[in-house]
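Residue numbers (this note's numbering): 112 to 360.
We treat Cβ as the ideally placed atom computed from N, Cα and C, and that holds for glycine.
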């Protein structure tokens, strides 16, 4: 009896991510959701610019490469051209919450029937560890060597809280992958976001708090601890909007 195996929605390509990076966990959760819902064959993913730029190598579904920040706009076009497709974007914080802010907000405002997987590790990863829109107050990065000063560069963008005020958004939840309990909750949220799209319920976004040991300058285990002690208090986990929650009960 098989008790554990690689999801069929993942390819055999080795992941390129740094040791301790939790992108791999999130990839698996997305793939498990596609498998369990039986939708891999009609799914189209949109790869961004950033650490997850090579997402098209890892998912066993059709993939489209988008310009920096434009994944929700590309996903909108793909979904509208053939509404029977299941379309998702897989984006980091630099891609989604910086250059892609407008695309994200307006896709939500229009209530596009797409699924957005938003990976928040509070830093720019691929380009060397600069301060990101999600970098915490006081957090040291390559471009904030004395810590993020909110008096000069402003406060971090809290995506779920921001989008919760957008009428077109259907389902918004923030999860984390720093321990087994949270990984299980993240899996449930990601699967629900895809199920919402299958049922035509509109725009769903799952924000996943993730680690970046390389650019945080920490070992993988200490990065998990840093996430728990620093990111969780600033970015509380939970459901920020669920338009159809009462109907489901």
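Q) If we call anything under 8 angstroms between Cβ atoms a contact, is residue 256 one with residue 131? A) Locating residue 256 in the chain shown gives position 145, counting from the first residue. Locating residue 131 in the chain shown gives position 20, counting from the first residue. The answer is no: Cβ separation not under 8 angstroms.
Q.
Quick check on the DSSP output: the beta strand (DSSP E) that includes residue 316 runs from which residue to which?
A. Position 205 of the chain shown, counted from the start, is the residue given in the question as residue 316. 314-320 is the span of the beta strand (DSSP E), which, as asked, contains residue 316.
Q) Under 8 angstroms between the Cβ atoms of residue 156 and residue 128? A) Translated into the one-based positions of the chain shown, residue 156 becomes position 45. Translated into the one-based positions of the chain shown, residue 128 becomes position 17. No, the pair does not count as a contact, with Cβ atoms beyond the cut-off.
Q: Quick one: using the 10 Å Cβ neighbour count with 16 as the cut-off for buried, is residue 112 buried or exposed?
A: Looking up residue 112 in the chain shown gives position 1. With fewer than 16 other Cβ atoms within 10 Å, it is exposed.
(Q) Between the segment 274-292 and the segment 319-334, can you find at least three pairs of beta-carbon atoms closer than 8 angstroms? (A) Taking 8 angstroms as the limit for Cβ pairs, the verdict is that the segment 274-292 does touch the segment 319-334.
Q: Using three-state DSSP, classify residue 203 as helix, strand or coil.
A: Reading the chain shown from its first residue, position 92 is the one you call residue 203. In the structure shown, residue 203 sits in a strand (DSSP, three-state: E or B).
Q. Going by the CB atoms, is the gap between residue 305 and residue 212 shorter than 8 angstroms?
A. If you number the chain shown from 1, residue 212 lands on position 101. If you number the chain shown from 1, residue 305 lands on position 194. Not a contact, by the Cβ cut-off of 8 angstroms.
Q: Could you round the C-beta distance between residue 239 and residue 162 to whole angstroms and report it? I think they count as a contact, below 8 angstroms.
A: What you label residue 239 is simply residue 128 of the chain shown in a count that begins at 1. What you label residue 162 is simply residue 51 of the chain shown in a count that begins at 1. No, residue 239 and residue 162 are not in contact; Cβ-Cβ is about 11 angstroms, not under 8 angstroms.
Q: Please name the residue, chosen from 267, 243 and 215, that lies closest to residue 346 on a Cα-to-Cα basis.
A: What you label residue 346 is simply residue 235 of the chain shown in a count that begins at 1. It is 267 whose Cα lies nearest to the Cα of residue 346.
Q) Thinking just about the alpha-carbon of each residue, which of 116, 199, 343 and 146 is nearest to the one in residue 246? A) Mapped onto the chain shown, residue 246 falls at position 135. By alpha-carbon distance to residue 246, the top candidate from 116, 199, 343 and 146 is 343.
Q.
Just to confirm the assignment, what range does the beta strand (DSSP E) spanning residue 174 have?
A. The residue you call residue 174 lines up with position 63 of the chain shown. Going by DSSP, residue 174 is part of the beta strand (DSSP E) stretching over 173-176.
Q. Pick from 260, 327 and 190: whose alpha carbon is nearest that of residue 232?
A. Residue mapping note: residue 232 aligns to position 121 of the chain shown, counting from 1. Looking at the Cα atoms, 327 is the closest of the given residues.
Q: From the DSSP output, read off the bridge partner residues of residue 154.
A: On the chain shown, residue 154 is found 43 positions in, with the first residue counted as 1. Residue pairing by DSSP places residue 154 opposite 197 in a beta bridge.
Q: Measuring alpha carbon to alpha carbon, tell me which of 308, 174 and 216 ends up nearest residue 183.
A: To locate residue 183, count along the chain shown from 1; it is residue 72. Cα-wise, what sits closest to residue 183 is 216.
Q. In terms of residue numbering, what span does the beta strand (DSSP E) encompassing residue 287 cover?
A. Translated into positions along the chain shown, residue 287 becomes position 176. 280-287 is the extent of the beta strand (DSSP E) around residue 287.
Q: Following the continuous beta strand (DSSP E) through residue 86, name the residue where it begins and the one where it ends.
A: With the chain represented from 112 up to 360, any question about residue 86 goes unanswered, as that position is not in the structure.
Q. Ordered along the chain, which non-local residues of its own chain (more than five positions away) have a Cβ less than 6 angstroms from that of residue 133?
A. In the chain shown, residue 133 corresponds to position 22, counting from 1. In chain order, 288, 321 and 322 place their CB closer than 6 angstroms to the CB of residue 133, counting only its own chain and leaving out the 5 sequence neighbours on each side.
Q: Give the range of the alpha helix (DSSP H) segment to which residue 136 is assigned.
A: In the chain shown, the residue the question calls residue 136 occupies position 25. Secondary structure note for residue 136: its alpha helix (DSSP H) is the uninterrupted segment 134-148.
Q) What is the rounded straight-line gap between the Cα of residue 357 and the Cα of residue 329? A) Here residue 357 corresponds to residue number 246 of the chain shown, with the count starting at 1. Here residue 329 corresponds to residue number 218 of the chain shown, with the count starting at 1. If you take the alpha carbons of residue 357 and residue 329, they lie about 43 angstroms apart.
**Q.** Nearest-angstrom Cα separation, counted from residue 221 out to residue 121
**A.** Locating residue 121 in the chain shown gives position 10, where the first residue counts as 1. Locating residue 221 in the chain shown gives position 110, where the first residue counts as 1. Near 31 angstroms, if we compare the C-alpha coordinates of residue 221 and residue 121.
Q.
Using CA atoms only, rank isn't needed, just tell me which of 311, 348 and 309 is closest to residue 292.
A. As a working note, residue 292 is residue 181 in the chain shown. Ranking the options by Cα distance to residue 292, first place goes to 348.
Q | Strand pairing of residue 227, partner residues [DSSP] | A | By one-based count along the chain shown, residue 227 stands at place 116. According to DSSP, residue 227 shares a beta bridge with 200 and 316.
Q: List in chain order: all unbroken alpha helix (DSSP H) runs of 4+ residues lying wholly within the segment 220-269.
A: You should have 261-264.
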